[in-house]
Structure formats: C-alpha cells, structure tokens
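Student: Here's a structure for you.
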Amino acid sequence: ISGTAKSVDTDYLSSGICACWIHFNQDAPSITDSFNVTSVEDSATGHFLPTFSTNMGNATYVGHVGYEPEATLNHNTHYIDQRATNKFRSTTAENGSNRDITSSSSSIHGDLA
Numbered sequence: 712i713s714g715t716a717k718s719v720d721t722d723y724l725s726s727g728i729c730a731c732w733i734h735f736n737q738d739a740p741s742i743t744d745s746f747n748v749t750s751v752e753d754s755a756t757g758h759f760l761p762t763f764s765t766n767m768g769n770a771t772y773v774g775h776v777g778y779e780p781e782a783t784l785n786h787n788t789h790y791i792d793q794r795a796t797n798k799f800r801s802t803t804a805e806n807g808s809n810r811d812i813t814s815s816s817s818s819i820h821g822d823l824a
C-alpha cells in the first residue's frame with residue numbers, strides 16, 4: 712500500500728521466524744554453520760541431535776530438512792523426529808538404512824521459551 716505504514720504484531724512475527732537452523736556434516740561429524748545451536752550429538756549412523764542455545768516454548772514446532780545430493784544417494788529420506796524443547800533428532804536414510812551424508816540441513820520454526 713503506497714504511502715501507508717504497515718504495523719506488524721511482534722508476537723505473530725516472532726512465532727513465525729526461523730528459531731534454529733543448522734548445516735551439518737554427518738561424515739565428519741561437524742557443524743558447518745548454525746543459528747541457535749550449542750552442540751550436536753552424533754548418536755548413530757544417520758542420526759544427529761542438535762541442542763538449542765535457547766529452548767523452544769513447546770515441542771510442537773515445525774521442522775524442515777534438506778540435503779545436497781551425493782552421487783550415491785538413491786531413495787533418500789531425511790526427517791526430524793523426537794522433538795523436545797531443548798533438542799530434536801534429524802535422521803537420514805537411504806534405501807531403508809540409516810546413512811551419514813556430508814551436507815545435511817535442518818531448520819526449526821516455532822515459539823522460543
């Protein structure tokens with residue numbers, strides 16, 4: 712709207728922003744880059760658990776995952792489960808078996824505590 716200032720409800724805005732994101736190398740394992748992550752536990756092949764710097768307000772947040780394809784990836788699945796207010800688990804599987812990949816990313820949207 713030209714010439715008219717728009718206001719934004721800060722509660723609405725803060726509940727929709729990206730509260731956490733991480734780019735992680737599961738092979739190393741190492742954090743390539745992140746926001747609101749203090750550490751990552753590499754718990755098993757294909758599983759890593761980022762811990763939030765600032766906890767989420769509840770465990771019903773939304774998680775998104777992605778990966779950069781590797782030549783060997785076939786029928787790959789990448790998902791977030793085991794949500795808690797202080798961390799979540801990201802899992803990568805290929806052809807039904809858990810697998811570490813070099814370029815995995817996750818983002819979390821929801822209310823911070």
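Count along the sequence shown from 1, then add 711; that gives the number in the working numbering.
In this text, a Cβ means the ideal position worked out from N, Cα and C, and glycines have one as well.
Give the straight-line distance between the Cα atoms of G807 and H734, rounded to the nearest whole angstrom.
Tutor: Answer to the nearest angstrom: the Cα atoms are 23 angstroms apart.
Student: CA-CA distance, C731 and S815?
Tutor: C731 and S815: Cα-Cα distance of roughly 14 angstroms.
Student: Do T802 and H820 have their CB atoms nearer than 9 angstroms?
Tutor: It is not a contact, given that the beta carbons lie outside the stated cut-off.
Student: With DSSP as the reference, label N769 as helix, strand or coil.
Tutor: It is coil, neither helix nor strand.
Student: Throw me the rounded Cβ distance for the D822 and G768 pair, which I believe falls under 8 angstroms.
Tutor: With 8 angstroms as the limit, D822 and G768 qualify as a contact, their Cβ atoms being about 4 angstroms apart.
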